[in-house]
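Numbering follows our numbering, with no gaps: position 187 of the sequence shown is 311.
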Amino acid sequence: MVQSGNENPKPLVAIFGAGMMGSGIAQVCLQAGYPVNLYGRSEKKLLEARETIKKNLIRVASKKKTDVPMEPAALEEIAQIQLDLLQIHTDIPSAAEDAAMAIEAVAENLDLKLDIFQTIQKTCPQNCMLITNTSSLKLSQMLPVIQNPALFAGLHFFNPVPVMKLVEVVSTDETSPETTNFLFNFCKEIKKLPVAAKDTPGFIVNRLLIPYLMDSIRMLERGDATKEDIDTAMRFGTSYPMGPIELCDYVGLDVLQSTLKIFRETIPGDARFAPIPLMDKLVAEGKLGRKTKQGFYTY
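In structure tokens:
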């Protein structure tokens, strides 16, 4: 287990998934003094994630108020102290060893998540909490592979993790009160605002957000308004920081398409989650939003 160097080191957090979500969760844990094992499928991806985390840690350190502006070398030293708590792994069992908490942060694919949890449990301690960061899957779908359901729960972080304050703490009927209480305290330690959510499709935010985003695409598809006017109307009419069409591109149209499919399967017959030809066409063309430089908008 990685030690933090304190007399009472914080427990090891293992994070599975080195994309934007996983590396973001790793960063906020490091900032709070938690040692982290970060798993990714390739060393190249992990090294890129570590470099991104380091740059972000330097940026955070530079924004702290001090009497005298800090030199770049001093900022890098502060970031390096936090980064020293990070270990990278391309092997799930080694990443899971000694972990007090194992957080799955991979794509919204149930089979992939089930496989990761099964592999984690081969080497993690018996009292290790198993946490999913799913945004749309029901936790009950994962329970069949969980050996100790009392220690299983969800922490739904929002992207980008270092910026977004909210975390939905999701409990199943079998999650113990002790696990839920621990997770609420953990969220507060990493400077997040936790809210309690039941194991329902989409929890709180996405259950409300996805229909809103889909309605905005349908409005555009019908020709009721341009994408620019839809976004401007919602930004300045409701004080939202980003319009719904912009937000679709930010989230990723492929992610939204996948989420919509999950909602159709878990809430059958609800017309709000019916396929949208305009979005499906863009995804088929590889126009997924900001990450591909083109979606509803061109970047």
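Glycine is no exception: its CB is placed at the ideal position from the N, C-alpha and C atoms.
Query	Result
One or two residues paired with M253 in a DSSP bridge	M225
Nearest-angstrom Cα separation, counted from P249 out to M125	Reliability fails at M125, whose pLDDT of 35 lies under 50, so the model's placement of it is uncertain and the value that follows must be treated cautiously. Each residue's alpha carbon lies about 12 Å from the other.
Endpoints, beta strand (DSSP E) assigned at K322	L317 to K322
Secondary structure, alpha helix (DSSP H): runs of 4+ residues fully inside the stretch 157-223	167-186, 196-207 and 216-220
Length-filtered (4 minimum) alpha helix (DSSP H) runs lying within the stretch 322-392	329-346, 351-362, 368-375 and 377-390
Element boundaries [beta strand (DSSP E), containing G141]	From DSSP, G141 is part of no beta strand (DSSP E); its letter is neither H nor E.
Extent of the continuous beta strand (DSSP E) run through V277	The displayed chain sequence assigns Ala, not Val, to residue 277. From DSSP, the beta strand (DSSP E) with A277 extends over F276 to F281.
Opposing strand residues paired with G148 [DSSP bridges]	Answer is none; G148 lacks a bridge partner.
Residues bridged to L290 (per DSSP)	L317
K417 - DSSP class collapsed to helix/strand/coil	coil
Check whether L170 and L181 have beta carbons under 8 Å apart	no
Three or more C-beta pairs below 8 Å linking the stretch 363-376 and the stretch 412-421	yes
Euclidean distance between Cα positions of A274 and M338	35 Å
Candidates Y364, S166, M194 and Q206, of which the one nearest I150 by Cα	The residue you asked about is not Ile; residue 150 is Ala in the sequence shown. Checked all of Y364, S166, M194 and Q206; the closest Cα to A150 is Q206.
Local conformation of S264 per DSSP, three classes	helix
Environment of V379 [buried if 16+ CB atoms lie within 10 Å]	buried
Three-state class that DSSP yields for T247 in the structure shown	coil
Own chain partners of R396 with C-beta closer than 6 Å, once the 5 adjacent residues on each side are dropped	P335
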